[in-house]
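> One structure follows; several queries about it will come next.
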Amino acid sequence: MTRSLVALLLLVLAGSVSADDAYDALKASMVDKNHVKTERMERDEIQEFCSKPRGEAGDPEKAKAIREKAMAGVVFPQNGEFLGSWQRGYEVANNGKGLQYSDDPNEPNGGNCYACHKLDPREVAYGTLGPALAGYGVRGQSEVVLKYTWTKLWNTHAYNVCSHMPRFGDQNILTEQQLKDVMAYLLDPESPVNTPYEE
Amino acid sequence: MRKIIANSVAACCLMSAAMGGWTQDSGIFDEYREMMGDDNPAIFVIDEGEEYWFTPSGPKDASLEQCDLGLGAGVVEGAYAQFPRYFEDVDRVMDLEARLEHCMIELQGRSRAEIHAKPYSLRGDQGTEIEALAAWIADQSNGVTIAPRQEHPKERDMYALGEKLFYYRAGPHDFACSTCHGQEGMRIRLQDLAALATHEGAAGAYSSWPAYRISEGVVRTMGWRMRDCFRQQRMPELVMGSEASIALQTYLAVNAAGTEISAPGLKR
Amino acid sequence: MAGKIRIRARLDGDICEVKALMRHPMETGMRKDAAGEAIPAHFIEDVQVTHNGNVVMHAYWGAAVSANPFLAVRFAGAAAGDTVMVTWTDNKGEKGEGDTKIR
Numbered sequence: 001m002t003r004s005l006v007a008l009l010l011l012v013l014a015g016s017v018s019a020d021d022a023y024d025a026l027k028a029s030m031v032d033k034n035h036v037k038t039e040r041m042e043r044d045e046i047q048e049f050c051s052k053p054r055g056e057a058g059d060p061e062k063a064k065a066i067r068e069k070a071m072a073g074v075v076f077p078q079n080g081e082f083l084g085s086w087q088r089g090y091e092v093a094n095n096g097k098g099l100q101y102s103d104d105p106n107e108p109n110g111g112n113c114y115a116c117h118k119l120d121p122r123e124v125a126y127g128t129l130g131p132a133l134a135g136y137g138v139r140g141q142s143e144v145v146l147k148y149t150w151t152k153l154w155n156t157h158a159y160n161v162c163s164h165m166p167r168f169g170d171q172n173i174l175t176e177q178q179l180k181d182v183m184a185y186l187l188d189p190e191s192p193v194n195t196p197y198e199e
Numbered sequence: 001m002r003k004i005i006a007n008s009v010a011a012c013c014l015m016s017a018a019m020g021g022w023t024q025d026s027g028i029f030d031e032y033r034e035m036m037g038d039d040n041p042a043i044f045v046i047d048e049g050e051e052y053w054f055t056p057s058g059p060k061d062a063s064l065e066q067c068d069l070g071l072g073a074g075v076v077e078g079a080y081a082q083f084p085r086y087f088e089d090v091d092r093v094m095d096l097e098a099r100l101e102h103c104m105i106e107l108q109g110r111s112r113a114e115i116h117a118k119p120y121s122l123r124g125d126q127g128t129e130i131e132a133l134a135a136w137i138a139d140q141s142n143g144v145t146i147a148p149r150q151e152h153p154k155e156r157d158m159y160a161l162g163e164k165l166f167y168y169r170a171g172p173h174d175f176a177c178s179t180c181h182g183q184e185g186m187r188i189r190l191q192d193l194a195a196l197a198t199h200e201g202a203a204g205a206y207s208s209w210p211a212y213r214i215s216e217g218v219v220r221t222m223g224w225r226m227r228d229c230f231r232q233q234r235m236p237e238l239v240m241g242s243e244a245s246i247a248l249q250t251y252l253a254v255n256a257a258g259t260e261i262s263a264p265g266l267k268r
Numbered sequence: 001m002a003g004k005i006r007i008r009a010r011l012d013g014d015i016c017e018v019k020a021l022m023r024h025p026m027e028t029g030m031r032k033d034a035a036g037e038a039i040p041a042h043f044i045e046d047v048q049v050t051h052n053g054n055v056v057m058h059a060y061w062g063a064a065v066s067a068n069p070f071l072a073v074r075f076a077g078a079a080a081g082d083t084v085m086v087t088w089t090d091n092k093g094e095k096g097e098g099d100t101k102i103r
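Residue numbers (my numbering), protein chains in the order written: chain A, 1 to 199; chain B, 1 to 268; chain C, 1 to 103.
Right, dumping it as structure tokens:
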């Protein structure tokens with residue numbers, strides 16, 4: 001606690017930009033566009049804590065509190081069924097639209113998983129920002145695996161405090177059904193994610 | 001009718017990025033660039049930009065010839081390489097678009113509303129005035145070393161603000177610039193991502209804008225690139241020449257300093 | 001804006017390499033603009049390259065050729081100083097042309 005107070009004091013004394021200045025500058029530099037309002041630039045606790053380079057750890061107490069709160073906030077499927085359809089899951093993983101001001105708000109959001117992850121080994125157009133998930137289903141479908149995977153999708157900050165992966169459940173990016181479908185894409189043995197591919 | 005075709009090669013339709021492991025600067029685009037040599041379609045846009053500069057416009061029926069881009073009224077050669085910079089006449093730091101807006105208002109008597117109505121091309125457009133001017137002005141700095149001024153306190157403040165904004169996580173996806181551009185050797189789908197907090201990453205990225213984008217058939221500016229990044233980050237619209245736009249460009253330009261401008265570039 | 005062609009013609013031994021960059025929207029007719037209105041088709045249909053007045057290449061293009069198209073052609077039997085001309089006609093009947101001397 002003392003360490004962060006000293007750090008704050010040093011920052012103020014150094015005359016460098018405070019976090020409020022960043023928000024003020026953005027508010028003054030942006031305009032509402034279609035259904036996307038400038039209120040989106042207001043940060044919550046996680047965003048504020050994680051507005052730093054990846055190498056910077058931040059206050060460990062704060063980090064722990066964020067992880068625990070994230071974990072406590074996970075909402076598991078109402079009916080206890082974790083897996084939907086992997087075919088629909090593919091659609092979610094492949095769809096990069098949703099929540100941009102150029103998107104139709106009446107259309108479902110995509111998860112855009114392929115932007116960052118390798119999934120189906122046959123798909124070459126995958127990103128490398130996140131770990132490769134081809135063959136993810138080798139983990140099986142124990143309750144531990146199901147809950148872990150669901151939690152990662154719902155709010156990854158429960159495990160990785162400043163992950164750059166969106167909070168697909170916690171932020172209502174994907175519906176419960178969409179999350180189940182992505183779970184199936186990852187865990188169903190029939191899913192192409194889990195079907196080996198010889199190149 | 002007999003067609004005589006001897007060993008001809010024609011540029012083909014837009015390439016989809018989903019074909020076989022291509023990344024931004026490898027494979028088919030290297031071939032394309034080699035084939036074309038210096039023939040970047042931006043050459044036409046450069047001519048158009050020069051025409052805009054010297055053509056009288058607005059209620060004052062004046063050209064932009066007296067516009068001071070930092071090296072004196074009407075001096076365009078080498079000016080872009082020193083942006084963003086502090087301007088005494090407005091007591092603030094400006095990027096190229098903010099400065100052009102200023103000159104259009106002051107010299108030509110045009111309104112801010114008109115200038116901001118449609119500064120960047122939309123689908124189906126063949127280019128805008130701002131894009132053409134940026135292409136010509138950047139071409140006038142081609143080969144010049146990037147050297148944004150960092151002497152005035154406001155210039156240094158802009159860098160600090162830009163750095164803060166670079167790491168600013170917000171919106172429903174919690175994205176910051178650093179989400180995609182904060183590490184080396186990453187890509188999103190098949191698009192290589194420059195690590196913009198490093199000199200190497202910023203140098204490669206900043207030096208090649210404005211650029212002709214093959215996928216859009218128009219020249220795009222760095223200000224546009226920032227705006228479109230924010231759109232993809234699920235954020236609202238970034239105003240052209242706004243403080244945040246200037247700050248982020250300052251951050252990039254300073255990180256890139258020392259490298260030569262290689263613009264207008266050619267990008268997918 | 002339409003009509004401009006930048007042409008370069010370079011001699012390499014007996015082979016002349018012509019590079020031509022054309023200013024043209026090459027609109028397919030399949031796109032809608034930002035307001036949702038269909039953008040009319042507007043593309044080059046016919047391109048010819050001539051050497052001292054003789055046609056060395058004649059091509060029929062369509063909507064698949066991208067905007068501001070780039071064309072490279074190599075043909076034999078040229079000499080420095082000869083004239084190479086590139087002409088195009090589009091689906092609206094508009095024309096473009098340009099010429100250069102072979103170096």
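Virtual Cβ for every residue (Gly too), placed ideally from N, Cα, C.
The structure presented is a predicted model; accordingly, all values stated were derived computationally and were not measured.
Name the residue from I46(B), M158(B), Q233(B) and D125(B) whose alpha carbon lies nearest to the alpha carbon of R85(B).
Here residue 85(B) is taken as the residue at index 85 of the second sequence, counted from 1. The shortest C-alpha separation from R85(B) is found at M158(B).
> Could you give the C-beta distance for F29(B) and R268(B), rounded to a whole number, given that I count them as a contact under 8 Å?
In the second sequence, counting from the first residue as 1, residue 29(B) sits at position 29. In the second sequence, counting from the first residue as 1, residue 268(B) sits at position 268. Confirmed, about 6 Å.
> To the nearest angstrom, how far is the alpha carbon of L69(B) from that of V93(B)?
The residue given as residue 69(B) occupies position 69 in the second sequence. The residue given as residue 93(B) occupies position 93 in the second sequence. Cα-Cα distance, rounded: 12 Å.
> Give a yes or no on whether 8 Å exceeds the smallest Cβ distance from A78(C) to chain B.
The residue labelled residue 78(C) in the question sits at position 78 within the third sequence. It does not: the Cβ of A78(C) has no partner Cβ on chain B nearer than 8 Å.
> Relative to the C-alpha of I173(A), which residue among K62(A), E45(A) and N112(A) is closest?
Start at 1 with the first residue of the first sequence, and residue 173(A) comes out as number 173. Nearest of K62(A), E45(A) and N112(A) to I173(A), Cα basis: N112(A).
> Do P270(B) and M222(B) have their CB atoms nearer than 8 Å?
This structure cannot settle anything about residue 270(B), because the visible part of chain B is limited to 1 through 268.
> Counting C-beta neighbours from all protein chains within 10 Å, is the total for F230(B) 16 or more, i.e. buried, or is it exposed?
The residue labelled residue 230(B) in the question sits at position 230 within the second sequence. Buried, since its Cβ has 16 or more Cβ neighbours within 10 Å.
> Within 8 Å of any Cβ in chain B, is that where the Cβ of F43(C) sits?
On the third sequence, position 43 is the one that residue 43(C) refers to. Output row for F43(C): interface = no.
> For a quick check, are the C-beta atoms of H51(C) and A78(C) less than 8 Å apart?
The residue you call residue 51(C) lines up with position 51 of the third sequence. The residue you call residue 78(C) lines up with position 78 of the third sequence. Yes, the pair counts as a contact, with Cβ atoms nearer than the cut-off.
> How many Å lie between R243(B) and P264(B) at the Cα?
The residue you call residue 243(B) lines up with position 243 of the second sequence. The residue you call residue 264(B) lines up with position 264 of the second sequence. The question names Arg, but residue 243(B) in the sequence shown is Glu. In a straight line, the C-alpha of E243(B) is about 24 Å away from that of P264(B).
> Label G269(B) either buried or exposed according to how many other C-beta atoms from any shown protein chain fall within 10 Å of its C-beta, with 16 as the threshold for buried.
With chain B covering only 1 through 268, there is no way to say anything about residue 269(B).
> Kindly confirm or deny that the segment 186 to 205 of chain B and the segment 102 to 112 of chain B touch, where touching means at least three C-beta pairs closer than 8 Å.
No contact exists between the segment 186 to 205 of chain B and the segment 102 to 112 of chain B.
> Looking at I146(B): is its Cβ nearer than 8 Å to the Cβ of T259(B)?
Walking along the second sequence from the start, residue 146(B) turns up at place 146. Walking along the second sequence from the start, residue 259(B) turns up at place 259. In contact: I146(B) and T259(B) (Cβ atoms closer than 8 Å).
> Is DSSP giving E91(A) helix, strand or coil here?
For the purposes of this step, residue 91(A) is taken as the residue at position 91 of the first sequence. Helix, per DSSP.
> Flag D174(B) as yes if its beta-carbon sits less than 8 Å from any beta-carbon of chain F, otherwise no.
Of the protein chains in the structure, A, B and C, none is chain F.
> Name the chain B residues whose beta carbon is nearer than 9 Å to that of R103(C)?
Counting from 1 along the third sequence, the entry for residue 103(C) is found at position 103. Under the 9 Å cutoff, chain B gives no residues; its nearest Cβ is about 14 Å from R103(C).
> State the start and end residues of the unbroken alpha helix (DSSP H) segment that holds I43(B).
Reading the second sequence from its first residue, position 43 is the one you call residue 43(B). Residues A42 to F54.
> What does a CB cutoff of less than 7 Å around G162(B) pick up in its chain, not counting 5 residues either side in sequence?
Within the second sequence, the letter at position 162 stands for residue 162(B). So the list reads A247, L248, T250 and Y251, once near-sequence residues are dropped.
> Using a 10 Å radius around the Cβ and a threshold of 16 neighbouring Cβ atoms, would you call G21(B) buried or exposed?
Locating residue 21(B) in the second sequence gives position 21, counting from the first residue. The pLDDT assigned to G21(B) is 35, lower than 50, so where the model puts this residue is not dependable; a value taken from the coordinates is nonetheless given after this. It is exposed - the Cβ of G21(B) has fewer than 16 other Cβ atoms within 10 Å.
> How would you list, in chain order, the residues of chain A whose beta-carbon sits under 7 Å from the beta-carbon of Q232(B)?
In the second sequence, residue 232(B) corresponds to position 232, counting from 1. The answer, in chain order, is Q100.
> From S215(B) to D228(B), what does the alpha carbon distance come to, in whole angstroms?
The residue given as residue 215(B) occupies position 215 in the second sequence. The residue given as residue 228(B) occupies position 228 in the second sequence. Each residue's Cα considered, the two are about 14 Å apart.
> Among P119(B), V254(B) and D174(B), whose alpha-carbon lies nearest the alpha-carbon of L99(A)?
Residue numbering aside, residue 99(A) sits at position 99 when the first sequence is read from its first letter. Ranking the options by Cα distance to L99(A), first place goes to D174(B).
> Hey, is L196(B)'s beta-carbon within less than 8 Å of any beta-carbon in chain A?
The residue you call residue 196(B) lines up with position 196 of the second sequence. No, L196(B) does not count as interfacial toward chain A.
> Would you tell me roughly how many angstroms separate the C-alpha atoms of P192(A) and N106(A), rounded to the nearest one?
Counting from 1 along the first sequence, the entry for residue 192(A) is found at position 192. Counting from 1 along the first sequence, the entry for residue 106(A) is found at position 106. Rounded to the nearest angstrom, the two C-alpha atoms are 29 Å apart.
> Residues of the segment 4 to 31 of chain C with a CB closer than 7 Å to any CB of chain B: list them in chain order, please.
Answer in chain order: K4, R6, K19, L21, R23, P25 and R31.
> Using CA atoms only, rank isn't needed, just tell me which of V73(C), E45(C) and E94(C) is closest to V105(C).
Chain C is shown only over 1 to 103; residue 105(C) falls outside these bounds and no answer can be derived.
> Quick test of your reading: A63(A) and V161(A), contact by CB under 8 Å. State the CB separation rounded to the nearest angstrom.
As a first step, residue 63(A) must be located in the first sequence, where it is residue number 63. As a first step, residue 161(A) must be located in the first sequence, where it is residue number 161. Right, their Cβ atoms sit about 5 Å apart.
> So, under 8 Å CB-CB, W136(B) and I46(B) are touching, yes? Tell me the CB distance rounded to an integer number of Å.
Here residue 136(B) corresponds to residue number 136 of the second sequence, with the count starting at 1. Here residue 46(B) corresponds to residue number 46 of the second sequence, with the count starting at 1. At roughly 5 Å, the Cβ-Cβ gap stays under 8 Å, so W136(B) and I46(B) are in contact.
> Just to confirm my understanding: we take P166(A), look at its own chain, exclude 5 residues before and 5 after, and list those with CB closer than 7 Å. What are they?
Here residue 166(A) refers to the residue found at position 166 when the first sequence is read from its first residue. Cβ within range, chain order: I173.
> Establish whether the CB of G124(B) and some CB of chain C are separated by less than 8 Å.
The residue you call residue 124(B) lines up with position 124 of the second sequence. So, interface residue.
> Output the distance between the C-alpha atoms of M1(C) and R23(C), rounded to the nearest integer angstrom.
Residue numbering aside, residue 1(C) sits at position 1 when the third sequence is read from its first letter. Residue numbering aside, residue 23(C) sits at position 23 when the third sequence is read from its first letter. Its pLDDT being 42, under 50, M1(C) is placed unreliably in this model, and the value from its coordinates should be taken loosely. Their Cα atoms are separated by approximately 7 Å.
> Which chain C residues are close to F54(B), counting only those with a beta carbon under 9 Å from its beta carbon?
Locating residue 54(B) in the second sequence gives position 54, counting from the first residue. By Cβ distance, chain C contributes nothing, its closest Cβ being about 17 Å from F54(B), past 9 Å.
> Between H42(C) and G96(C), what straight-line distance do the alpha-carbon atoms span, to the nearest angstrom?
Position 42 of the third sequence holds residue 42(C). Position 96 of the third sequence holds residue 96(C). Using only the alpha carbons, I get a separation of about 14 Å.
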